[in-house]
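Shown next, in structure tokens, is the structure this report addresses.
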Amino acid sequence: MFVKNCWYCAGWDYELSQGKHAILARRIADEPIVLYRKPDGGVVAMEDRCCHRQAALHLGQKEGDSIRCMYHGMKFGPDGKCTEIPGQDHIPEKACVRTYPVVEKDNWIWVWMGDPAKADPSLICFSVGPGDKNWNIKTSQVRVNANYRLEIANLMDLSHLTWVHRNTFGGTDAYTRNKIKHVMTPRGVRSTFWVRGVPAPVFAQHMFPPGALFDLSFDVDMTLPCNFILHFQVWTAGTATDGPSDGQLVLDSYSCQAITPRDADSVDYYYSWGSSVATDGPGMSDMLYEAINAAFLEDREMLEAQHQNIKERTDRKMVDIVHDAGPGKMLWVLEKFLKEEASTQIPIVQAA
Amino acid sequence: MFVKNCWYCAGWDYELSQGKHAILARRIADEPIVLYRKPDGGVVAMEDRCCHRQAALHLGQKEGDSIRCMYHGMKFGPDGKCTEIPGQDHIPEKACVRTYPVVEKDNWIWVWMGDPAKADPSLICFSVGPGDKNWNIKTSQVRVNANYRLEIANLMDLSHLTWVHRNTFGGTDAYTRNKIKHVMTPRGVRSTFWVRGVPAPVFAQHMFPPGALFDLSFDVDMTLPCNFILHFQVWTAGTATDGPSDGQLVLDSYSCQAITPRDADSVDYYYSWGSSVATDGPGMSDMLYEAINAAFLEDREMLEAQHQNIKERTDRKMVDIVHDAGPGKMLWVLEKFLKEEASTQIPIVQAA
Amino acid sequence: MFVKNCWYCAGWDYELSQGKHAILARRIADEPIVLYRKPDGGVVAMEDRCCHRQAALHLGQKEGDSIRCMYHGMKFGPDGKCTEIPGQDHIPEKACVRTYPVVEKDNWIWVWMGDPAKADPSLICFSVGPGDKNWNIKTSQVRVNANYRLEIANLMDLSHLTWVHRNTFGGTDAYTRNKIKHVMTPRGVRSTFWVRGVPAPVFAQHMFPPGALFDLSFDVDMTLPCNFILHFQVWTAGTATDGPSDGQLVLDSYSCQAITPRDADSVDYYYSWGSSVATDGPGMSDMLYEAINAAFLEDREMLEAQHQNIKERTDRKMVDIVHDAGPGKMLWVLEKFLKEEASTQIPIVQAA
Chain A
1 MFVKNCWYCA GWDYELSQGK HAILARRIAD EPIVLYRKPD GGVVAMEDRC
51 CHRQAALHLG QKEGDSIRCM YHGMKFGPDG KCTEIPGQDH IPEKACVRTY
101 PVVEKDNWIW VWMGDPAKAD PSLICFSVGP GDKNWNIKTS QVRVNANYRL
151 EIANLMDLSH LTWVHRNTFG GTDAYTRNKI KHVMTPRGVR STFWVRGVPA
201 PVFAQHMFPP GALFDLSFDV DMTLPCNFIL HFQVWTAGTA TDGPSDGQLV
251 LDSYSCQAIT PRDADSVDYY YSWGSSVATD GPGMSDMLYE AINAAFLEDR
301 EMLEAQHQNI KERTDRKMVD IVHDAGPGKM LWVLEKFLKE EASTQIPIVQ
351 AA
Chain B
1001 MFVKNCWYCA GWDYELSQGK HAILARRIAD EPIVLYRKPD GGVVAMEDRC
1051 CHRQAALHLG QKEGDSIRCM YHGMKFGPDG KCTEIPGQDH IPEKACVRTY
1101 PVVEKDNWIW VWMGDPAKAD PSLICFSVGP GDKNWNIKTS QVRVNANYRL
1151 EIANLMDLSH LTWVHRNTFG GTDAYTRNKI KHVMTPRGVR STFWVRGVPA
1201 PVFAQHMFPP GALFDLSFDV DMTLPCNFIL HFQVWTAGTA TDGPSDGQLV
1251 LDSYSCQAIT PRDADSVDYY YSWGSSVATD GPGMSDMLYE AINAAFLEDR
1301 EMLEAQHQNI KERTDRKMVD IVHDAGPGKM LWVLEKFLKE EASTQIPIVQ
1351 AA
Chain C
2001 MFVKNCWYCA GWDYELSQGK HAILARRIAD EPIVLYRKPD GGVVAMEDRC
2051 CHRQAALHLG QKEGDSIRCM YHGMKFGPDG KCTEIPGQDH IPEKACVRTY
2101 PVVEKDNWIW VWMGDPAKAD PSLICFSVGP GDKNWNIKTS QVRVNANYRL
2151 EIANLMDLSH LTWVHRNTFG GTDAYTRNKI KHVMTPRGVR STFWVRGVPA
2201 PVFAQHMFPP GALFDLSFDV DMTLPCNFIL HFQVWTAGTA TDGPSDGQLV
2251 LDSYSCQAIT PRDADSVDYY YSWGSSVATD GPGMSDMLYE AINAAFLEDR
2301 EMLEAQHQNI KERTDRKMVD IVHDAGPGKM LWVLEKFLKE EASTQIPIVQ
2351 AA
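Chains as they are written, first to last, in the numbering used here: chain A, 1 to 352; chain B, 1001 to 1352; chain C, 2001 to 2352.
Structure follows, in structure tokens:
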């Protein structure tokens, strides 16, 4: 169901402070994970399950680099190895908890759920974090009770902006006639397209005179498991019908979205949006923030109802339409990786 | 589990306005149904599931006679056929959603869940709606988390008025000694009986001097799936021991109750009660309304607990008593129809 | 999953008054039980399920020694035999509800879930109830959503006082070095140990000067299914390293805890704590009451998370440590009784 050899976003870096009680419990790809930060700032990710009697380590206590299970006091180092069993001298070899490779990048915490030997940080997707000084990125998150394949299909087909987001991102049906260029990448799909001579999205129409038109550029980099990095630019409508707009750049922005499957029925969705400093203005990125928060509640309502319908009729035949091309490509990548892993035994190794 | 070739009540007609956002989502016989009203007033019932990717149509938008799925904008006519796929010229033959025959009658909306060719409106049960000028009918509804067979058994044995409704409809144990006449009808059972020389029901005893006695006449028409139409009359106690009471008519009333199984574990219960104009008086039908609302919460508590007990021990042997005769007859009718349908393939045809 | 031939605590006696509506619904060892008190004060325990159509008897009505099912009015005597079917003269032999032997002892109500012929009251565990004039016992209860085996393991290994209860009962890690003496009893394990020269528990440290040390004596009698009777004594730290403390007795107390499995996923936990009159003082037992209430919420959080982890991975191999000896002994007793019963057919007999 889940690709194991893959980096999964475990949240924003600011969610995991150095505070005494700052211990995060997450579910990632159907495994319970506990995260905490060492005094040197490094993040440790472990299975949230003591090797003794499966007590939850997120109810534990940080001690230096280690975490102590607060049921019977067993202490585990950042490599998952037990270093103390109160009341017992001998520490069995097997007394260890699985750990997961962790990398922080662009203000996201990434956890590798598969073979640690293959945990190559260069496989983490490009993104623009809130810490980037050239951009004014604002962050948020939402829980959605739907399978992550539905999120993939949602994000790989932006024709839904017209319908689902008619009160936020919409304002034109031009999204339904997009000529999208899809390029396969090693772990995903890159999709680019222009929408030309259209009104501003609904959420921004009040800023412009009636009839004002714009050229919109979308550059999407989607990677496994469900990371969606959008470079979104807005120009005043120009005359170019091919290539870059010859209008005036109004907004240069990034929206970075990492969707982490919790289990087969829900995801944790970490997302952002923000303007480049060059095109930002007072309240501008705040408006983007409000718009994306509102829009993702629209998606949530749609996807949660869809998820229930699909669960009820998993075998229902479905009619394909033209907009399924993008989703189909990314879901094909997912299936390819799932099949490859199904034919490989993944060793579970302790990793520091 | 459910008879398909049958009219199911989808609610009161006033629940489905011409309002822009008036779209009803119901579950009927374990199928999700969306209902909306066309500009000409006619009601459309469709499977609440887009043929594309199973998005919920009740999140859609009404457009004239049609409904548009607001995930990708596919538009469906009142016959369920797709008439528009934004961004795509060709509309595949298979792009359609199942529709269901609908009839409005006596202020109820009825949906036929089986073979449209067999959807004969004359099979809809007789009832007296709130729109009938000869009666002052008041309406309500309640969700009960119990299987509809328990509702059938409840309604076909009114001896429970004495016990479950001791604080509302009760006030005598005469219901336990009823001589009930059951007559099989094409799709149900008709049950008639008299209760003579008894106090008023508890909810009305304050209106009469102590010791006042009445003759009560019950004429019940129960039909599939679980419709209960009661003609209920009250006379001052007369001397007749057979045939009509020779007392004075105090109340001539109808209580019409349509119980729609949502799934195996719950029902939607649409019900009414009201006096004839001739026997109505200030506040009288309001009192009936209050009484039936209170009584149906008493039933709900009893049936929900019973449902849980039965689910836990589906194979438990049960002791039969004399009052099971009525329930047995109606459940026999239900089984007969279920068996007939199980031996027949029901074609699923699009119906306008 | 549950030992049947065993007394299970159904609650505190004061929970079951002579009040008209005082009818208790409990779930014990996965069976629904209804309890009520006869006019002579005796308690009746029956299956909470009418023999007619499985209606819940706890929605019924007390009538003298009997209970009447308020769905159809069937009346059952304290032996479970039906004595009245309103509207029907003949009462079938099979019209009866299973009853369970009940004994009240030390302010607890005990129900025997197995063969009534084996219901020997002498098998009920010793305890000290709130009615005992020599002790100032205060009582409480809590629902915990965890399997009762986790409660057994929790109570048979008090090393967790150091960790789980670091803010209440803890204050020393001496519990991790206990030399515990376990003695097998006919239906459980008796465990005794001393903890010497330690600070007061956290909840009481404010009462003593800094550095004050104490000797603590634990005498635990654990019996099936999950009853934990603790005689707990505190002395000022003495010089004795073996046998009784030669300090001054500060607290002589009993904490009696009966844990009743509701089903495989939850327990009802009836517990108490209190000082002997001799060592009690103003507000002392109130403090004990506050402390144990707080501590049991600490246990609940830990055990509920552990239960979820274990349910998810029932086959996960677990590492054993020295503190598992006590739990292992009591769980061994449980398994022994379960196996014995699995090889025996338990007759279900009506018992008065």
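Every residue, glycine too, gets a C-beta built ideally from N, C-alpha and C. From a predicted model like this one, the values you see are computed outputs, not experimental measurements.
**Prompt:** Whole beta strand (DSSP E) runs in the segment 201-283 of chain A with 3 or more residues, listed along the chain?
**Reply:** 214-223, 227-236, 249-263, 266-276
**Message:** Please tell me whether GLN1018(B) has its Cβ less than 7 Å away from any Cβ of chain A.
**Reply:** no
**Message:** Just to confirm before moving on: does the CB-CB distance between HIS2058(C) and ALA2095(C) stay below 7 Å?
**Reply:** no
**Prompt:** Closer than 7 Å, CB to CB, is ARG49(A) near chain C or not?
**Reply:** yes
**Request:** Compute the distance between the beta-carbons of HIS307(A) and HIS1072(B), then report whether it is under 7 Å.
**Result:** no
**Asked** Nearest-angstrom Cα distance between ALA204(A) and ASN134(A)?
**Response** 23 Å
**Asked** Mapping DSSP to helix, strand and coil, what is VAL322(A)?
**Response** helix
**Message:** If contact is defined by three or more beta carbon pairs under 8 Å, each pair taking one atom from either stretch, is the segment 1019-1037 of chain B in contact with the segment 1121-1133 of chain B?
**Reply:** no
**Asked** Which one of ASP1246(B), PHE1169(B), GLU1301(B) has the shortest CA to CA distance from ARG1196(B)?
**Response** ASP1246(B)
**Asked** Does PRO2261(C) get closer than 7 Å to chain B when you measure Cβ to Cβ?
**Response** no
**Message:** Please list the terminal residues of the continuous beta strand (DSSP E) segment that includes ILE1023(B).
**Reply:** Here ILE1023(B) belongs to no beta strand (DSSP E), and DSSP marks it neither H nor E.
**Asked** Exposed or buried, what is GLU2298(C) when buried is set at 16 or more other beta-carbons lying within 10 Å of its beta-carbon?
**Response** buried
**Asked** Using DSSP with H/G/I as helix, E/B as strand and the rest coil, what is GLU2335(C)?
**Response** helix
**Asked** From which residue to which residue does the beta strand (DSSP E) around GLU63(A) run?
**Response** 61-63
**Request:** Check whether the Cβ of ARG177(A) lies closer than 7 Å to any Cβ atom in chain B.
**Result:** yes
**Prompt:** Is the CB-CB distance between ALA1200(B) and PHE1208(B) below 7 Å?
**Reply:** yes
**Prompt:** Quick one, which residues of the segment 1037-1066 of chain B are near chain A if we go by CB-CB under 7 Å, in chain order?
**Reply:** ARG1049, CYS1051, HIS1052, ARG1053, GLN1054, ALA1055, ALA1056, LEU1059
**Prompt:** Helix or strand or just coil, what does DSSP make of LEU1303(B)?
**Reply:** helix
**Prompt:** Does the distance from the C-beta atom of GLU341(A) to that of LYS4(A) stay below 7 Å?
**Reply:** yes
**Request:** Might you give, ordered along the chain, the residues of its own chain that have their beta carbon closer than 6 Å to the beta carbon of ARG187(A), omitting 5 neighbours on each side?
**Result:** THR223, LEU224
**Asked** Does DSSP put ILE91(A) in a helix, in a strand, or in coil?
**Response** coil
**Nearest-angstrom Cα separation, counted from PRO244(A) out to LEU155(A)** = 23 Å
**Request:** Put GLN1308(B) into one of helix, strand or coil per three-state DSSP.
**Result:** helix
**Message:** Please list, in chain order, the chain C residues whose beta carbon lies closer than 8 Å to that of GLU1301(B).
**Reply:** LEU2059
**Message:** Using a Cβ-Cβ cutoff of less than 7 Å, which residues in the same chain neighbour ALA2173(C) once the five nearest sequence positions on both sides are dropped?
**Reply:** Per the sequence shown, the amino acid found at residue 2173(C) is Asp instead of Ala. So the qualifying residues of the chain are THR2162.
**Request:** Give a yes or no on whether the C-beta atoms belonging to GLU1304(B) and ASN1145(B) are separated by under 7 Å.
**Result:** yes
**Prompt:** What first and last residue would you give for the alpha helix (DSSP H) that runs through HIS2160(C)?
**Reply:** 2160-2163
**Distance between ARG2053(C) and PRO1327(B) (C-alpha atoms, nearest Å)** = 12 Å
**Request:** Spatial neighbours of GLY114(A) within its chain, please: CB distance less than 8 Å, with the 5 preceding and 5 following residues excluded, ordered by chain position.
**Result:** VAL3, LYS4, ASN5, CYS6, GLU341, ILE346
**MET302(A) beta carbon less than 7 Å from that of VAL164(A)** = yes
**Message:** Quick check on THR241(A): buried or exposed, where buried means 16 or more other Cβ atoms within 10 Å of its Cβ?
**Reply:** exposed
**Message:** I need the boundaries of the beta strand (DSSP E) containing LEU2035(C), first residue and last residue.
**Reply:** 2031-2037
**Buried or exposed by the 16-neighbour rule on C-beta atoms within 10 Å, applied to VAL1267(B)** = buried
**Message:** Which residue wins for smallest C-alpha separation from ALA2291(C), given the options GLY2170(C), LYS2062(C), LYS2179(C), TRP2108(C)?
**Reply:** GLY2170(C)
**Message:** Let me confirm a value: GLU2063(C) is counted as buried when at least 16 other C-beta atoms fall within 10 Å, else exposed. Which label applies?
**Reply:** exposed
**Message:** Can you check whether the C-beta of SER159(A) is within less than 7 Å of a C-beta belonging to chain B?
**Reply:** yes
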